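The structure appears below as structure tokens.
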Amino acid sequence: MTDAQISLTGYKCLRADRPNRKGGGCLLYVTESLLVTDNFSYSDKYCNLLYCCIDSMDAIIAVIYRPPDAPIESFKETLNHLQTKLGKRQKAEKMPGIFLMGDFNLPEIDWEFPDHTQCHSKNDQLAAKELLDFADRNFLSQAVNKPTRGVNIIDLVFTNRSQDIVETNTTDTQISDHNLVQLTLGYNPMQPERRTPKVFDKHSFRAVDFHRADFDKMNSQFSAVDWPLLEELCDKEGDGSDFLELITLTVLQVTLINSPKKPVDDPGGRKRAKTRQSRDRYILKRRRRKINARIHALKEKSPTSNKIAILTKEANILTFEIRELIVHHLNEMEAKAVSTIKTNPRYFYSFAKRHAKTKSSVAPIRDSHGVLKTEPAEKAELLQSQYMKVFSNPELANIESCTDGLNPSPSGKLDHISFDTDDIIEAIKELDAHSATPEGDIPAKILVKCKEALALPLFKLWDKSFRTGVIPQKLKTQYITPVFKKGDRTDAANYRPVSITSHLIKIFERVLRKHIVAHMESNNFLSPNQHGFRKKRSCLTQLLSHVDNVLKTLNEGEEVDVIYLDYAKAFDKVDHKILLAKAKRYGISGQTLQWLTEFLGNRLQTVLVEGAKSTFSVVLSGVPQGTVLGPILFILYIDDQLEILVTALGKVFADDTKLVGKIIDMAAKSLLQEDLFNVISWAINNNMQLNEKKFEVLNYKLNHSQLLREMPFSSENYEYSLTTGDAIEPVKTVRDLGVLLSNDCSWTPHIHKMLEGARTMAAWVLSVFSNRSPFLMLTLFKTMVRSKLEYCCPVWNPHKISDIKAIENIQRNYTRRINGCQDIDYWARLKKLGIMSLQRRRERYVIIHTWKILNGRAPNDIDMLFKDTLRHGKRAIVPPTNNSAQRSIASHYENSFGVCAAKLWNLLPASVNNHTALEPFKIALGKFLESFPDTPPLDGYSPATNNSLLEWNLQKYRHQV
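Counting from 31, one number per residue, gives the positions in the sequence shown under our numbering.
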């Protein structure tokens with residue numbers, strides 16, 4: 031076909047035809063408004079590749095066609111050509127956006143949990159492995175999750191900018207048996223970035239850089255204020271708003287006097303040159319302009335003059351010097367941003383956001399007619415409407431039925447609390463100095479730096495508020511920040527409302543929370559199976575307890591069914607009347623109950639999106655997410671749901687609830703079904719809403735025979751009924767507190783999902799930061815990427831070599847990009863950078879958590895047993911394995927935390943395991959781990975062992991024998 035036959039008006043056409051073949055090849059159309067700065071094509075008898083670079087998008091676009099009969103050598107060579115082009119670009123600068131798309135003809139791959147062994151033919155297996163390895167090497171994620179031809183996904187889109195993709199759709203067409211694949215980006219690549227000058231009220235906190243304020247002078251001036259006199263000037267009958275206003279204005283006045291002003295943007299949007307570096311660049315650019323003007327004049331008057339070449343060389347040198355100054359300045363800014371990751375994360379993310387294509391965390395939202403709304407004000411209103419829908423109707427509350435089953439009120443009541451300025455100071459210490467504040471509120475930085483001087487006025491403010499049970503209305507206004515959860519980014523229901531409230535009220539919330547928690551814990555009101563927002567209990571401890579319970583039961587020859595419940599917007603559904611009635615039954619009364627009543631009632635909220643506010647609305651129910659008291663009040667409200675269970679074991683983390691039942695026979699299944707109905711009835715009585723359509727059940731079976739499952743009436747043994755009469759059909763995997771649990775006890779599905787998130791984060795880091803120095807790269811990796819690879823790792827620590835390799839490849843591919851590490855192997859790289867393999871770190875975490883269990887820093891929910899020995903110190907008793915257990919079950923149990931933790935702990939000498947303080951123990955453990963080689967298994971490497979400490983110790987023992 032000729033170019034004329036395939037041309038489209040307004041588009042450039044790039045093509046790669048298969049040589050000596052009729053038909054086949056790749057086409058890429060690029061709108062003429064985008065400038066293609068580089069392009070390349072490669073074709074052989076089978077595969078085709080098109081590559082182009084679009085600088086205005088900071089993106090590389092590549093298209094590949096791989097026919098079904100393509101030999102592996104052809105496909106591998108095609109990917110190598112693309113890798114060469116990417117490698118040249120990545121060495122020169124930060125990683126650009128990569129979009130690799132095309133027809134790869136690999137229909138057997140399940141892209142939810144990709145594995146090359148899923149392909150039937152050997153050739154397809156090799157091709158899939160090459161494609162997946164290429165994606166790993168370049169931190170690419172596959173974005174198409176719907177069939178593109180029949181029931182298969184063969185048309186794929188890989189990208190390292192998955193956060194920029196708002197939605198992916200596939201639709202039928204009349205011109206092909208392939209579906210049309212459409213991706214919607216969160217930014218318009220053809221629209222230049224609009225920079226609106228920041229305009230601050232010159233009499234506000236945002237007009238000054240209070241982070242660089244003279245806090246010594248501020249503290250001195252605050253201490254000189256006669257706060258009791260200011261309090262007397264206020265309306266004593268009011269709600270405290272006058273005194274609050276005086277405190278805020280006084281702090282503002284002192285802050286404006288003692289803080290440097292922020293630079294003001296000019297109408298053109300450029301900041302005034304104030305730094306030395308910007309002045310140096312200005313001088314060099316002015317000299318270059320003068321030289322270029324002379325060159326232009328000489329070319330007009332004397333084109334053959336020798337001075338043209340001399341002046342051109344001077345201009346080129348100046349261009350190089352300007353570029354070096356810019357690079358040096360950017361490196362300094364990057365280093366400063368990285369150094370503040372932990373101390374000032376807001377500065378770090380604001381720096382990173384300036385380099386992101388998608389500026390807003392809220393994607394375009396679809397309205398009720400399916401139209402995408404992109405304006406911030408429109409998105410704010412749509413989100414506000416969504417949040418208003420989920421509130422409970424307080425008129426439906428039946429308080430008596432909700433509180434009848436509660437324990438009687440305790441003898442010790444929490445009716446009044448005593449606090450002073452010292453309690454205020456302790457509460458301020460818990461504030462994050464860089465946390466966000468509503469507009470007009472006193473910044474957290476000032477409160478933290480001036481806590482002693484401001485403790486008195488804040489004490490007076492809250493002492494009166496607690497005595498009178500009245501809160502200034504301004505402090506009860508919620509500014510909602512939408513946070514994306516999961517699913518379709520264009521659906522307003524998929525954004526969680528997080529409340530940004532004043533730090534002034536959070537200070538007193540912390541004071542009150544301490545007393546409420548102590549009251550609830552001392553009276554044992556909270557169930558031991560409620561792990562949410564409690565000391566020594568966490569997601570890790572609940573997951574360890576749950577997984578250990580399941581594996582022990584399976585090891586004993588009994589099956590387990592777990593039903594996962596879903597509360598619809600649980601935090602927003604809390605009924606205030608029922609909550610206060612339950613609090614009263616738990617002994618919370620008097621001034622405490624009166625203040626909580628005021629805290630929950632008469633609240634207003636508005637949604638903030640990119641600086642735009644929605645209209646204010648009255649909050650009808652719920653405990654606001656983002657407040658200090660919200661979590662403890664929520665678990666107080668929901669905790670008694672576990673008391674209605676008859677036989678099932680209930681596990682709860684906030685609103686994440688699961689019912690666990692040992693299934694010995696059909697009678698046991700019926701009892702679990704009965705408890706499910708009991709929980710649903712509890713929710714109805716408590717004016718909450720369970721989303722029964724999202725209930726999931728996980729069957730841990732002893733026999734995984736597919737033939738057995740397909741027998742008549744077999745499915746009834748594994749299904750549970752809803753109140754509607756519909757069945758909850760079993761699923762293979764369930765996400766439980768961020769960890770993907772599988773019905774066959776395998777951790778491979780979780781590892782696949784975890785690696786996808788880590789690849790996305792690694793690609794983001796490499797696209798934002800251009801400096802490849804070891805310190806900066808390792809700091810970013812440890813903080814941003816490695817944390818995703820180690821979340822709750824003692825629970826899922828893998829023993830399969832393929833899983834260990836897949837996880838290690840993230841660190842392997844990342845460290846390859848560090849300066850000086852490109853040409854050395856991974857094992858040597860670990861030593862040079864002074865870091866452990868991820869496999870070794872996971873075993874270290876297992877040992878540390880075992881120490882916490884032994885020393886009472888974490889609950890011993892898995893019933894680990896220890897004994898004291900004279901020679902070896904504290905030893906763990908390794909749980910026995912049931913010799914008659916099914917082999918696959920026994921293998922999972924032998925590699926579970928309870929067994930592996932005991933074995934790893936017993937490797938420690940007494941000089942290490944006898945430490946009773948955490949930091950000395952970690953130091954001693956680190957020195958002990960250094961005595962073992964760290965050579966994790968990888969493709970192309972031949973380690974002596976699987977690198978586990980247990981294997982190294984066994985090899986050491988064999989050598990001694």
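All C-beta atoms, glycine included, are put in the ideal place defined by N, C-alpha and C. Remember, it's a predicted structure, so these values are computed and weren't measured experimentally.
What does the alpha-carbon distance come out to for the pair residue i and residue j?
i, j, result
"Lys301", "Phe134", "Caution is warranted here: a pLDDT of 46 is assigned to Lys301, below 50, making its placement in the model unreliable, and no coordinate value can be reported."
"Thr32", "Asp518", "41 Å"
"Glu586", "Asp434", "39 Å"
"Leu260", "Leu534", "18 Å"
"Ser253", "Phe538", "21 Å"
"Thr498", "Leu412", "38 Å"
"Val795", "Gln283", "40 Å"
"Phe629", "Asn182", "54 Å"
"Pro963", "Ile848", "23 Å"
"Leu595", "Thr677", "17 Å"
"Cys264", "Gly470", "20 Å"
"Val825", "His561", "16 Å"
"Lys269", "Thr627", "One point to set straight first is that residue 269 is Asp, not Lys, in the sequence displayed. C-alpha separation (whole angstroms): 15 Å."
"Leu314", "Arg324", "15 Å"
"Gly768", "Phe951", "29 Å"
"Phe143", "Val500", "54 Å"
"Leu355", "Asp453", "50 Å"
"His549", "Ser289", "43 Å"
"Ser978", "Thr965", "9 Å"
"Ser832", "Asn153", "20 Å"
"Leu274", "Pro939", "59 Å"
"Pro406", "Ile395", "10 Å"
"Ile510", "Ala947", "41 Å"
"Thr39", "Leu58", "14 Å"
"Leu248", "Ser532", "Correcting the residue identity first, residue 248 is Met in this sequence and not Leu. The alpha-carbon atoms of Met248 and Ser532 are separated by roughly 21 Å."
"Ser568", "Ile710", "26 Å"
Since residue i and residue j are thought to touch, with beta carbons under 8 Å apart, how far apart are those beta carbons, to the nearest angstrom?
i, j, result
"Cys56", "Leu80", "5 Å"
"Thr778", "Lys731", "Not quite, the Cβ-Cβ distance comes to about 18 Å (not below 8 Å), so this is no contact."
"Met994", "Lys818", "Look at the range of the chain in this structure, 31 to 991, and you will see that residue 994 is not part of it."
"Leu581", "Leu659", "About 37 Å; that fails the 8 Å criterion."
"Val401", "Val639", "Val401 to Val639, Cβ: 17 Å. No contact."
"Arg905", "Asn936", "6 Å"
"Ile892", "Leu584", "With a Cβ gap of about 15 Å, Ile892 and Leu584 do not count as contacting."
Among all the DSSP beta bridges, which residues are the ones paired with residue i?
i, result
"Met131", "Val93 and Val187"
"Glu25", "The shown model of the chain, from 31 to 991, leaves out residue 25, and the question about it has no answer."
"Lys681", "Lys688"
"Gly903", "Thr899"
"Asn885", "DSSP, once it has assigned bridges, lists no residue as partnering Asn885."
"Gly55", "Asp47"
"Thr198", "Leu213"
"Tyr81", "Phe70 and Ala92"
"Asn182", "Arg179"
"Arg633", "Val649"
"Ile919", "Ile919 pairs with nothing; no bridge assigned."
"Ala757", "Ser751"
"Arg526", "Val513"
"Val639", "Ala642"
"Ile277", "Paired residue(s): none; Ile277 is not in a bridge."
For residue i, collect the residues of the same chain with a Cβ closer than 8 Å to its Cβ; drop the 5 residues on either side in sequence, then sort them by chain order.
i, result
"Leu286", "His233, Ala237 and Val238"
What does a CB cutoff of less than 6 Å around residue i pick up in its chain, not counting 5 residues either side in sequence?
i, result
"Glu364", "Phe799 and Asn801"
"Leu186", "Phe134, Gln172 and Val174"
"Pro654", "Gln508, Ser529 and Gly660"
"Arg995", "Nothing can be reported for residue 995, as the shown portion of the chain is limited to 31 through 991."
"Tyr417", "Pro527"
For residue i, which residues from the same chain have a beta carbon less than 7 Å from its beta carbon, with the 5 sequence-adjacent residues on both sides left out?
i, result
"His838", "Looking at the sequence shown, residue 838 is not His but Glu. So the qualifying residues of the chain are Ser867, Leu868, Gln869, Pro966 and Leu968."
"Asn717", "Ser422, Leu426, Ala427, Asp605 and Ile608"
Under 8 Å, with one C-beta from each stretch per pair, do the stretch 374-384 and the stretch 457-472 reach the 3-pair mark?
yes
Touching or not, the stretch 723-730 and the stretch 619-637, by the rule of three or more beta carbon pairs under 8 Å?
no
Per the contact definition of three or more C-beta pairs closer than 8 Å, is the stretch 46-56 in contact with the stretch 68-76?
yes
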